[in-house]
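In my numbering, the protein residues as written are 109 to 292. For every residue, glycine included, the Cβ atom is placed at its ideal position computed from N, Cα and C. What follows is one structure encoded as structure tokens, with my remarks underneath.
Written out as structure tokens, the structure is:
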């Protein structure tokens, strides 16, 4: 039932949600932003980390066929029971949101805690997160600390949200970069 509903783009709602749930990323975390190829790059990095022996969570955004494909640990999609449990917990927290309507998470913030929670439950020591839209205000910008930011190609996409020109879109996506964090 949650939408962005015309509210401002911000990662602050996601940061507040992660704090409310007490969620932090695993010790090794990468974020992938860009226009095309984000999902493939995210999956390849996660698969590589798993092949190296790291227990690795993965988050894709959006899903193609069903919501569960967004979240996996070591390539195994999250089970239906985990999604149902998460949605039930999310509904309870949303109904009792203590921080006011302006900070109430929108739909795009709600899926982010699921992979972080599943990674923690699975004992993952690595996680790769695909940004949804842009980088500066995407929910993944709220995840701290991050060890690597990967930027795929930048092209005209989500122009109604990111801007009508390539420089505006690139500026938004570059907002995923963080001081002192390597970027590829």
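Using a Cβ distance threshold of 8 Å, residue 257 and residue 286 count as a contacting pair.
With a cutoff of 8 Å on beta-carbon distance, residue 198 and residue 218 are scored as near each other. For residue 167, the secondary structure class from DSSP, reduced to helix, strand or coil, is strand. Residue range 267-270 is occupied by the alpha helix (DSSP H) that includes residue 269. The C-beta separation of residue 158 from residue 183 comes to about 6 Å, placing the pair in contact by the 8 Å criterion. For residue 175, the closest alpha carbon among the candidates 194, 160, 162 and 164 is that of 194.
Per DSSP, residue 209 lies in no beta strand (DSSP E) and is assigned neither H nor E. Fully enclosed beta strand (DSSP E) runs of no fewer than 3 residues occupy 136-141 and 164-167 of the segment 120-177, in order along the chain. Taking C-beta atoms under 8 Å as the contact rule, residue 244 and residue 283 qualify, at a distance of about 2 Å. If you look at residue 282, you'll find it in the alpha helix (DSSP H) that goes 274-282. Shown here for residue 165: same chain residues with a beta carbon closer than 8 Å to its own, the five before and five after excluded, namely 134, 154, 179, 180, 181, 223, 224, 226, 227, 230, 232, 234, 235 and 236 in chain order.
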